[in-house]
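Everything on this sheet refers to the single structure shown next.
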Amino acid sequence: MSELADLIFCKAVSEIAYAKAAPKAANGLRVTIDFALVDKARAHLVRISFGSLVTYADNQAGVRGAGLNEAVARTRALFLDKRYTYVAELDIQNCFGSVAVEELGHKFGIPKWVLDGFMTTKRKEEEGKIVPRNNYTRKEWNRIIEIMGYGLPQGSPASPLFAYSFIRGALEEFVRRFGKRVAVVNYCDNFLVLAPGRESMLHAIEFLRSVLKRHSAERFVLNPRSDVRRIADGINFLGYRFRRRRGQPVVDLPSERTTAYRRALRMRLAEIERPTGRLICDHETKLRDLSGWLRGILSSFNHASEAQFQAMWQARVIRRYRDSPAVIELLRWIGRMAPSDGGRRQALFEPPSPWDTRRFERWLRVPAWQRAIKSGQLSHEVATSAASFVLSKPWEKILPPRDLATRCKILPLAR
């Protein structure tokens, strides 16, 4: 604590904060503040001092003591209940920026100088200690400053603790009103509502919207992220796709998430194969970065077991680097997570065959003449002369430009 106090009150440390904005799906901007170390220490001190006063509802996740695993487990259990046939996803528009700071200070007894200096960016704006992270026009920067002037900033360790505390009263009132007739899952500022019918679903959404406004000093606005649909049709929530099939809950990954994974994996593998002319240790550094990235991605797929296995199967091309220490450690880690089925484990860990190597190179879109040179089937001189011959287009000098019939006959022979 003494070291933390010395850091907070030290005059030599930098207090500059960097602001950056990213476009949101709902035609807005998400402004994130990259605070200095001293500001993060001050926010952590606020969490220690006032965090014990903050309480949450039993069905809240994404807060202290409950995370993504609890939210996914609760959603899976509700999809197993056949009473619910309709589902809808909602979220709070600009949750952190919609927090009433004065109401927050009155609710938890936080002094105004703590709110202005430690929990919001008001004092930093007055002292000119907020600078842009990227190059913005004057109009864009004024818009960013306007957004920062509301509520709690994104990027502060203390903001989630207090922002999500306003949701507790609304959730408890919702449960008292509907009981188990309508269920709700809350993760941070996202809500998943399940109901037995369409009319009851619409009524529950309107009630949740009204109680959220009342418990947040008319600041929280609940927006739909999906339409009201049947559970059998499936819905995306928390990065997964939930649906009910044959009475059982099925958790999968959205197609855009798997497509992004395959594209990123291909780019990273192509970067490893691309010659750089540097030392050999640079190749091992790339493999170590790839290993850490794969661990993070595959861990995030842990709730969708079938999709996780498919991701492991697509990443099996790393077996060609099995001499690397980073890849050896990664394969051991995958072995602990892989399914126990013998056929699947053999598909993941058997040595790569020549067909796998050719398929891997085609998957990376390596040209055929480069594969032939690499395998020794074609010399570099012959490939270079053939490529220069094709690029020179000698048929352009022989054929008239409009003789398309003859051109189509001779052009394949010239190639």
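Those letters in the sequence shown? Residues 1 to 415, per full-length UniProt numbering, in order. Here a beta-carbon is modelled for each residue, glycine too, at the ideal position from N, C-alpha and C.
Counting C-beta atoms within 10 angstroms of its own C-beta, M312 has 16 or more neighbours from the protein chains shown and is therefore classed as buried. Unbroken alpha helix (DSSP H) runs of no fewer than 4 residues, entirely contained in the stretch 278-338, are found at 280-300, 305-314, 325-337, following chain order. The stretch 106-126 makes no contact with the stretch 257-276, as fewer than three CB pairs between them are under 8 Å. Per DSSP, the unbroken alpha helix (DSSP H) holding K107 starts and ends at 101-108. For L152, the secondary structure class from DSSP, reduced to helix, strand or coil, is coil. Restricting attention to V193, R209, T285, the CA atom closest to the CA of D227 is found in V193. Counting along the chain, no beta strand (DSSP E) covers A43; the unbroken alpha helix (DSSP H) around it starts and ends at 37-50. Contact annotation: A304 and V251 have beta-carbon atoms nearer than 7 Å. In the three-state reduction of the DSSP assignment, V175 falls in the helix class, which pools H, G and I. The alpha helix (DSSP H) runs of length 4 or more contained entirely in the stretch 180-243 are, from start to end of the chain, 198-215.
Inclusion of V72 and G151 in the CB contact set at 7 Å is not warranted, their separation being larger than that value.
CA-to-CA, the gap between F118 and I334 works out to about 43 Å. Counted as a single uninterrupted DSSP element, the alpha helix (DSSP H) harbouring V72 occupies residues 68-80. Residue pairing for Y18: DSSP places it in a beta bridge opposite D34, V131.
Judged by DSSP secondary structure, A264 falls within the alpha helix (DSSP H) whose first and last residues are 255-273. Just so you know, the alpha carbons of L298 and K286 end up roughly 18 Å apart. Across the set W113, G169, G51, the C-alpha of G169 shows the shortest separation from the C-alpha of F220. Here A22 is exposed. Its C-beta has fewer than 16 other C-beta atoms within 10 Å. Per DSSP, the beta-bridge partners of A88 are V193.
Sorting F178, L90, D116 by C-alpha distance to the C-alpha of V46 places D116 at the top.
For F237, same chain residues with a beta-carbon under 6 Å away, outside a window of 5 residues either side, are E89, L192 in chain order. Rounded to whole angstroms, H203 and F178 show a C-alpha spacing of 10 Å.
Here A17 is near F35, since their CB atoms are less than 7 Å apart. Our two residues, F301 and W113, have alpha carbons roughly 43 Å apart in a direct line.
Taking all protein chains in view, the Cβ of V31 is crowded by 16 or more other Cβ atoms within 10 Å, so the residue is classified as buried. Approximately 5 Å separates the beta-carbon atoms of A43 and P157; this is inside 8 Å, confirming the contact.
Looking from the CA of P254, the closest CA among I235, I272, L294 belongs to I235. Beta-bridge partners of R245 (DSSP): Q248. Going by DSSP, P160 is part of the alpha helix (DSSP H) stretching over 159-163. Sorting R133, R143, S159, E70 by C-alpha distance to the C-alpha of L29 places R143 at the top.
If you ignore the 5 residues before and after L53, its C-beta comes within less than 6 Å of the C-beta of F108, all in its own chain and listed in chain order. For A57, the secondary structure class from DSSP, reduced to helix, strand or coil, is coil.
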